[in-house]
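Quick notes on the structure that follows.
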Ligand SMILES: CC(C)(COP(=O)(O)OP(=O)(O)OC[C@H]1O[C@@H](n2cnc3c(N)ncnc32)[C@H](O)[C@@H]1OP(=O)(O)O)[C@@H](O)C(=O)NCCC(=O)NCCS
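Numbering (the working numbering), first residue to last: 298 to 580.
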């Protein structure tokens, strides 16, 4: 990406920004029907542009959520767009890095945005860049007769430091420790995760220690039998297991951690019902 730089927008970028808006927005990613003849309307003072081989090919607008003093610690991404000809080159991610850095420099503690359920590409971009889902608004819009969900996403600019955390099953026979490097977890909708109610923190082998209880564990497998669904034979809890996506690592159920609230983690949905197409997002 050395041929791409991100800088604040200037007046002479306006024709390129207008062109980007015309090429990037439609009913699948914007609930507002844009006038095809309108010019770029956002403030240039809060817009960062991506310049690729000397051409403006993308922008992100980061502004205050509101004028309320009680919301001065928030910044909101109002829009992010990359020209269709240069997508999947990491430019959207560079713009998100710039947005995080600008928000942090301004003293903000949380960066928010909204994304329509009909925009899976953007959701994948945000997932890859550490954003979590804070709220899921069902049927928030009705676009051409179809209900469309909306999601409020956030990125904590003051994320907790990495640390070792302890956990156990319910009866205490099984005890473990896990090193939490990134405070990001997955909420999977597959048949077994839904019934377990597990929230997944996937870590490499060296970040997990079984303190005691190997003998207390039993193991359930199904399907490809790659995942080893361990559970305590006495209390039935599933504190951790070997996941199919990372058979050399561990998948810890963060609900089994002690002294750590689930809300400390940034949580993203994982479509385990479509495992084969979804797993590339987390490997
Ligand atoms: C969403 C958007 C900004 C992404 O820009 P981009 O420059 O292509 O993003 P990146 O190249 O940084 O992509 C980073 C990651 O996001 C995910 N991603 C982005 N586009 C994707 C797509 N079309 N399909 C699947 N995953 C995608 C991938 O994980 C990708 O990493 P990879 O290429 O290594 O697999 C661009 O598609 C866009 O402008 N869309 C129209 C405007 C829009 O919808 N904005 C968001 C409104 S909420």
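Even glycine gets a Cβ: it sits at the ideal position worked out from N, Cα and C.
| query | result |
| --- | --- |
| Under 6 angstroms Cβ to Cβ from residue 438, same chain only, skipping five residues before and after it: list those, please. | 328 and 445 |
| How is residue 408 classed by DSSP in three states: helix, strand or coil? | strand |
| Alpha carbons only, please: which of 422, 415, 351 and 504 is nearest the one belonging to residue 443? | 415 |
| Can you grab the Cα-Cα spacing for the pair residue 300 / residue 386, in whole Å? | 11 angstroms |
| Between the alpha carbons of residue 472 and residue 434, how many angstroms are there, rounded? | 38 angstroms |
| Cα separation between residue 508 and residue 352? | 56 angstroms |
| Mind checking which residues open and close the alpha helix (DSSP H) that includes residue 389? | 388-402 |
| Confirm, please, whether the CB-CB distance from residue 557 to residue 482 is below 7 angstroms. | no |
| Count the CB pairs spanning the region 407-425 and the region 371-383 that are closer than 8 angstroms, and state whether there are at least three. | yes |
| Is residue 465 helix, strand or coil when you go by DSSP? | strand |
| Cα separation between residue 519 and residue 362? | 47 angstroms |
| Under the three-state reduction of DSSP, which class applies to residue 321: helix, strand or coil? | helix |
| Answer yes or no: the CB of residue 334 versus the heavy atoms of ligand 1, is any distance below 6 angstroms? | no |
| Given a cut-off of 7 angstroms on the beta-carbon distance, is the pair residue 569 and residue 490 in contact? | yes |
| Going by Cα to Cα distance, which pick from 355, 579 and 323 is closest to residue 311? | 355 |
| Is it the case that the region 487-505 contacts the region 538-551, given that we only count it when at least three CB pairs across the two stretches are under 8 angstroms? | yes |
| Indicate whether at least one CB of chain E lies closer than 7 angstroms to the CB of residue 308. | As a matter of chain content, chain E is missing from the structure shown, which is built from one protein chain. |
| Please report the residue range of the alpha helix (DSSP H) in which residue 422 lies. | 417-425 |
| Closest by CA to residue 338, which one among 560, 537, 357 and 530? | 357 |
| Once the 5 residues before and after residue 315 are set aside, which same chain residues still bring their CB inside 6 angstroms of it? | 336 and 337 |
| With a threshold of 6 angstroms, establish whether the CB of residue 486 neighbours any heavy atom of ligand 1. | no |
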